[in-house]
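Asker: Below are the structure tokens for one structure; questions will follow.
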């Protein structure tokens, strides 16, 4: 019934299994995913994968990701690392793939539970936002007005981020006032206008934390344009514009994520599962891929830090999460 | 039933041949195209797209547009999710509930159009924002992702061990119903008459406002149907559902030969149009075309289809 | 317009020979010739469908002839577009309203040659200044900067004439310019045309009104069925009867129809009806089995009255009784379903038929609600059975019931638009201009058919601006003018007497 | 002399009042509204979206639509930034090439509509897929970073509260209004939109009018895309992706008829000002973001219903009171 008859990935026991063909599929075009391209190349070499590919849907539409995954399955790929285009609606294609015994691992962002994805290897978004907010508040001297710019209302992570920042602010016992603007990650234009308007209308802002890509880039550019180093900002991700702003001191730092590691670990895990391993019952579904504040001094080295972290997660992975 | 029947058959046949041609080509050129998994996914995707197209086609049949197709589909999908997950209603009840809601939203469009006499384009442009906005206000964009298995597995069940989802059957059932609506039901005939010549229809004793109202109700119910199909396939009622349906809703009817000005629809054409699009985007991926270029192909197919349809029609020779 | 020395030369300016124009399924013009001299007003006559409009469209570059030659001042020419014809000095007042509603009167008049400053900049002041004299000439009293949309229909018609005059064309084609204006306005227009003739302009005058033709024109060409029935005849050498014979081909067209039973009881009584559209207190009585003719010029309010009766236009006062009972009809649907009214619109293409759809759908549209089984289902066999008798009774010719109405001939189209009311068993028929755009043979057949319907007991209100038609068909004639009924005449079907009597009421 | 009659219909008057009230209320409730930087940011957004709305208006005036405005804007921005970043083409050359490309895209739309006589909605839907597809194919949705400084600094340049970009938009808006009211081809274009049959019979150049309207639409979309690229400082492939709604909302609220013949430049400007005020106001009062979508829908519906019914009645009233007797002849 299945086309890809070569890989009856379900057979347990240690038989002589071929290595897996692994595809990493992001949710749509986004600079965040670019390190994954190299990760799958490295993983293919390191784990002798039979095939490895990185395919980006041309737009952030669940239908496009579904089509791409379907066609990759038809082309003979054995397992998939996906960033869900829509954290909820991706469950449809995940179930379909899982029903045909394709292992699917969420990378970079989780699929809403209940889900048939085996793992979610991603940043702990709440922790990242909390850490970023804390860093910003600290730089603000523990008081002032903090602006939080974040992502789409339709993204479940947005709520987690908003709550995490709220929590960090609450811990100041009223010394910090929070202004939250959401739903501005649609595109660069929306984010740019909204951030600038917020800066313009709330003159008393002394700190910024952003927990989505477009608002971060927009705020970093705005601070540079204004030439304002009094406003303490922590962003997210490592867009060149943002890194440059960190280096030049317009940002205290940016919350680095580990997309390279996410894809690399996922490729490893898929290959293991394909060769007969199973997820250990009761083990955590979520695997934190690590997060760290990229401060000016770390701009040059943070990538190595993440690689080291990645290797350590991989080396303990089999024992910790799998039974083979 | 309408004029130029022969030419329309020719155009339909041409569409069928082109679609079949692509199937044969991809079967040969793209390994994996004919795999069960691929066909199942392709047809299920097409079924949902076609149903979205039907919702638009119905509005087009009276010469109106329904830009709120996606908004209604998304909102009713959320309503169904809420009914099943929060209220714990049985799927069947939730489905009826969502269909009724879709029809009511459609009636809302129809009422605004008939009351204000404002162009349907403008009315539904506005109500699309109103409906989506109201949905976001009420749900705060919280998805419903714990839908009953019986509901989600419906879309995954294969019909008679063929690579055909139940959703394809739903789409075909809707198609057959629409076919007979336009062919044999008084309402459908009235819709076409209103679409082709509103004034003459009224002056022949038809109640145009009633037809407009019912048409938008049906369009709303069909959008809801598409929404239900999508949440079954997605396993989740997501607040972003329907946000990208607007333009897609026109493509299948337009390729299938439905006139935007009204009075002429083609149910088989819409089905073929939807299948053709799904086939091309799937097949091109399989033969290794960079998926970023596929949008260009889809645009070209749409343009060629409408131009060819026009040429076939013109070949019949219009009397000046 | 100032008096100038008379430069009339009567040289032949435009010569058309052997023109043939074919449309799918119909030969519109066949070997037609036409000659036009400077300084003459040349009548172009023919029944509706004889080919006048096609000839005019060929002369103005809208259509290109399949065969034949057009010579302008002796040189063969071919007008590829309306623009080319305009450039050659041929200007036309079309039947269709030919104005841009959002533009001002002055801009519409000067639309083809907007005065400019510099390279391409519009000189609005100059537009208003230059348009003024032409507006004054035809009596448009609005300011030049008034948007056309704010004018009345009659004023728009005048603007169109002003526009054509202003083009200072050597050749002016007037396509029924008097159809929508009052006799008073017609008199004024004729003075203008006379003046233009003195200035050596060549004018083609298309009209249905022979009185006007005899009053105004120097020569006449008559088309019948797409051919020349008469070519370039001097008006002085021809009398009215001859002209009519040229146009209709057979003298018996005005012949009496067979007798029919006397009219029965009153089925429709209108007393003191007034409408928003400005109709004065209108009263009439329509009896069973009679044809009541309602004669008036376009714009006299005839269609207004008809549409009020069927609920399209709201009545503001007065009383309408149908079969004795006072009624307030609010819609076409009510008019049909409750009172068995049928309305055959003068505008077949826009109001009467759905050209895109089949003969079947067009005929059964009035009875879908009645044919429904189980709530909605329409069985095709029952549907066809319900409409075929009506189509047969009217002798509708089509390949099949599925043929689209748009591909039928005008006569067959008109029959379908009547058949749908017969299918619905309407017995009060309001028939508005039934033979516009229909060839002479079919016209005769339609006349007999309407007469026959009355003989079978239908009550028919016949609205027409075609005097022979009204006189031939009506039992009584109501004359309408300026939204008022100005006379009721018993009809003895004698053309000359009756037409005189009607004209007397009109002026 | 500009004729005010065509420029200030009742709809524009109503919008002007609402705009003024909105500005007064906003500056009273949130004085920061009047801060230089807020006005700059809001004005910059308005400068771009107004061009988008005008790009739609010019096609609507012909009785047609252009769904490909956003795709043209995005494609132009990508081509320009690509030329500058990848191929080191001098800035003026790249910008001119981009604007010409925008015009070319418009001409393609116009030719398709003119040749095939197919509904412009479907045709431009098709071309929007093509233009957006080319954009995606070239970029793989990755932006071109580091566009030359003179371009990105233009995006940030301002004179007090006034963005430099506003100058471009103001000049183009005036040129467009001037073209439509003062230039022969502009008048002919409106005539074709007002009554295409009459225009044809009068021998007006219909093809040229159609091509011109679509070319202008493409040009304005291209300028909008270019300015957004300058504002963002990079060639973002997503430029234009969200333009469909504002492109229609502006002209429709401003009083354009979908059937053509009207080109309410002033109404469109005032409508876009209103939309900008609302966007800014929602940020200023930190409104619940979930309400934004709903409010925009309500605004469109409300404005159109008011414009078409209430204000429409006023105009009918005026027409009746100024009606003259039917052409009496002296």
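Protein chains in written order, with the numbering used here: chain A, -12 to 311; chain B, 4 to 323; chain C, 20 to 526; chain D, 3 to 332. Cβ atoms here follow ideal geometry from the backbone N, Cα and C, with glycine treated the same way.
1) What residues are listed by DSSP as bridge partners for residue 265 of chain A?
2) With a threshold of 9 angstroms between beta carbons, is residue 199 of chain B in contact with chain C?
3) Does chain A have any CB closer than 9 angstroms to the CB of residue 295 of chain B?
4) With 16 as the cutoff for other CB atoms within 10 Å, does residue 227 of chain B come out buried or exposed?
5) Under a Cβ-count criterion, where at least 16 other Cβ atoms within 10 Å of its own Cβ denotes burial, should residue 174 of chain D be classed as buried or exposed?
6) Straight-line CA distance for residue 118 of chain D to residue 211 of chain D?
7) What are the residues that DSSP puts in a beta bridge with residue 345 of chain C?
8) Residues in the region 180 to 212 of chain A with C-beta within 8 angstroms of chain D's C-beta atoms, listed in sequence order?
9) Identify the residues that DSSP records as bridge partners of residue 107 of chain A: which are they?
10) Smallest Cα separation from residue 486 of chain C: which of C/503, C/517 and C/502?
11) Taking DSSP as the reference, what is the three-state secondary structure of residue 86 of chain C?
12) Tell me which residues share the same chain as residue 462 of chain C and place their Cβ nearer than 6 angstroms to its Cβ, disregarding the 5 neighbours each side in the sequence.
13) Just mark residue 203 of chain C as buried or exposed, buried being the case when its beta carbon has 16 or more other beta carbons within 10 Å.
14) Does the beta-carbon of residue 12 of chain B have 16 or more other beta-carbons within 10 angstroms, so that it is buried, or is it exposed?
15) What residues are listed by DSSP as bridge partners for residue 280 of chain A?
16) In three-state terms, what does DSSP make of residue 192 of chain A?
17) Could you give the residue range of the beta strand (DSSP E) that holds residue 47 of chain C?
18) Does DSSP put residue 247 of chain C in a helix, a strand or coil?
19) Measure from the C-beta of residue 181 of chain D to each C-beta in chain A and report whether the shortest distance is under 9 angstroms.
20) Hey, which unbroken runs of the beta strand (DSSP E) at 3 residues or more fall wholly within the region 218 to 258 of chain D?
21) Determine the direct distance from the alpha carbon of residue 70 of chain D to that of residue 109 of chain C, and round the result to whole angstroms.
22) Cβ closer than 9 angstroms: which chain B residues qualify as neighbours of residue 1 of chain D?
23) Taking only beta-carbon atoms, is residue 132 of chain D less than 9 angstroms away from chain A?
24) Does the distance between the C-beta of residue 74 of chain D and the nearest non-hydrogen atom of the ligand FAD fall short of 8 angstroms?
25) Expressed to the nearest angstrom, what Euclidean distance is found between the alpha-carbon atoms of residue 473 of chain C and residue 445 of chain C?
26) I'd like to know whether the C-beta of residue 187 of chain D is nearer than 9 angstroms to at least one C-beta of chain C.
27) Quick check on the burial criterion: 16 or more other C-beta atoms within 10 angstroms. Buried or exposed for residue 264 of chain B?
28) Which residues, taken in chain order from the region 204 to 217 of chain B, show a beta carbon closer than 8 angstroms to some beta carbon of chain C?
29) Check this for me: beta carbons of residue 128 of chain D and residue 103 of chain C, under 9 angstroms apart or not?
30) Would you give the residue range spanned by the alpha helix (DSSP H) that residue 24 of chain A belongs to?
31) Assuming contact is defined by CB atoms lying nearer than 9 angstroms, are residue 373 of chain C and residue 415 of chain C in contact in what I supplied?
32) Hey, is residue 116 of chain D's beta-carbon within less than 9 angstroms of any beta-carbon in chain A?
33) Do residue 257 of chain A and residue 67 of chain A have their beta-carbon atoms positioned less than 9 angstroms apart in this structure?
34) Where residue 357 of chain C and residue 46 of chain B are concerned, what is the direct C-alpha to C-alpha distance, given to the nearest angstrom?
35) Less than 8 angstroms between the CB atoms is what I'm expecting for residue 322 of chain C and residue 482 of chain C, so what's the real figure, rounded?
36) Mind reading off the beta-carbon distance from residue 254 of chain B to residue 280 of chain B? Whole number of angstroms is fine, and I expect it under 8 angstroms.
Answerer: With the structure as the only source:
1) Working through the first chain from its first residue, we reach residue 265 of chain A at position 278. A/310.
2) As a first step, residue 199 of chain B is located in the second chain; it is residue number 196 there, counting from the start. Yes, contact with chain C.
3) Mapped onto the second chain, residue 295 of chain B falls at position 292. Judged by the 9 angstroms Cβ criterion, residue 295 of chain B is in contact with chain A.
4) In the second chain, counting from the first residue as 1, residue 227 of chain B sits at position 224. With 16 or more Cβ atoms within 10 Å of its Cβ, residue 227 of chain B is classed as buried.
5) Locating residue 174 of chain D in the fourth chain gives position 172, where the first residue counts as 1. With 16 or more other Cβ atoms within 10 Å, it is buried.
6) As a working note, residue 118 of chain D is residue 116 in the fourth chain. As a working note, residue 211 of chain D is residue 209 in the fourth chain. Those two C-alpha atoms are separated by around 16 angstroms.
7) Within the third chain, numbered from 1, the residue matching residue 345 of chain C stands at position 326. For residue 345 of chain C, which the question treats as bridged, DSSP gives the partners C/340.
8) 180, 181, 183, 184, 185, 186, 187, 188, 189, 190, 208 and 212
9) Counting from 1 along the first chain, the entry for residue 107 of chain A is found at position 120. DSSP, once it has assigned bridges, lists A/93 and A/273 as partnering residue 107 of chain A.
10) Walking along the third chain from the start, residue 486 of chain C turns up at place 467. Nearest of C/503, C/517 and C/502 to residue 486 of chain C, Cα basis: C/517.
11) Here residue 86 of chain C is taken as the residue at index 67 of the third chain, counted from 1. Note: residue 86 of chain C maps to strand in three-state DSSP.
12) Here the question's residue 462 of chain C lines up with position 443 in the third chain. If we look at residue 462 of chain C and ignore the five residues flanking it on each side, its Cβ neighbours are 454.
13) Position 184 of the third chain, counting from 1, holds the residue named residue 203 of chain C. Exposed: under 16 other Cβ atoms inside 10 Å.
14) Reading the second chain from its first residue, position 9 is the one you call residue 12 of chain B. Its Cβ having fewer than 16 others within 10 Å, residue 12 of chain B is exposed.
15) Position 293 of the first chain, counted from the start, is the residue given in the question as residue 280 of chain A. A/242.
16) One-based indexing of the first chain puts residue 192 of chain A at position 205. Residue 192 of chain A: strand per DSSP, three-state reduction.
17) As a first step, residue 47 of chain C must be located in the third chain, where it is residue number 28. Residue 47 of chain C -> beta strand (DSSP E) spans 45 to 56.
18) Reading the third chain from its first residue, position 228 is the one you call residue 247 of chain C. In the structure shown, residue 247 of chain C sits in a strand (DSSP, three-state: E or B).
19) Position 179 of the fourth chain, counted from the start, is the residue given in the question as residue 181 of chain D. No, residue 181 of chain D lies away from the interface with chain A (no Cβ there is under 9 angstroms from its Cβ).
20) none
21) The residue you call residue 109 of chain C lines up with position 90 of the third chain. The residue you call residue 70 of chain D lines up with position 68 of the fourth chain. Rounded to the nearest angstrom, the two C-alpha atoms are 41 angstroms apart.
22) Outside the displayed range of chain D (3 to 332) lies residue 1 of chain D, so it cannot be described from this structure.
23) Against the fourth chain, residue 132 of chain D aligns to sequence position 130. No, its Cβ sits nowhere closer than 9 angstroms to a Cβ of chain A.
24) Ligands are entirely absent from the displayed structure, and the ligand FAD is therefore not among its contents.
25) Stepping through the third chain from its first residue, residue 473 of chain C is reached at position 454. Stepping through the third chain from its first residue, residue 445 of chain C is reached at position 426. Cα to Cα, residue 473 of chain C sits roughly 12 angstroms from residue 445 of chain C.
26) Reading the fourth chain from its first residue, position 185 is the one you call residue 187 of chain D. Yes, because at least one Cβ of chain C sits closer than 9 angstroms to the Cβ of residue 187 of chain D.
27) Start at 1 with the first residue of the second chain, and residue 264 of chain B comes out as number 261. With fewer than 16 Cβ atoms within 10 Å of its Cβ, residue 264 of chain B is classed as exposed.
28) 204, 205, 206, 207, 208, 209 and 210
29) Indexing the fourth chain from 1 puts residue 128 of chain D at position 126. Indexing the third chain from 1 puts residue 103 of chain C at position 84. Cβ distance not < 9 angstroms, so residue 128 of chain D and residue 103 of chain C don't count as in contact.
30) The residue given as residue 24 of chain A occupies position 37 in the first chain. Element bounds for residue 24 of chain A: 21 to 34.
31) Counting from one through the third chain, the residue named residue 373 of chain C turns up at place 354. Counting from one through the third chain, the residue named residue 415 of chain C turns up at place 396. Not closer than 9 angstroms, so no.
32) The residue labelled residue 116 of chain D in the question sits at position 114 within the fourth chain. It does not; no Cβ of chain A falls within 9 angstroms.
33) Position 80 of the first chain, counted from the first residue, corresponds to residue 67 of chain A. Position 270 of the first chain, counted from the first residue, corresponds to residue 257 of chain A. The answer is yes: Cβ separation under 9 angstroms.
34) Mapped onto the third chain, residue 357 of chain C falls at position 338. Mapped onto the second chain, residue 46 of chain B falls at position 43. Rounded to the nearest angstrom, the two C-alpha atoms are 51 angstroms apart.
35) Against the third chain, residue 322 of chain C aligns to sequence position 303. Against the third chain, residue 482 of chain C aligns to sequence position 463. About 7 angstroms; that satisfies the 8 angstroms criterion.
36) Along the second chain, one-based indexing puts residue 254 of chain B at 251. Along the second chain, one-based indexing puts residue 280 of chain B at 277. Yes, residue 254 of chain B and residue 280 of chain B are in contact; Cβ-Cβ is about 6 angstroms, under 8 angstroms.
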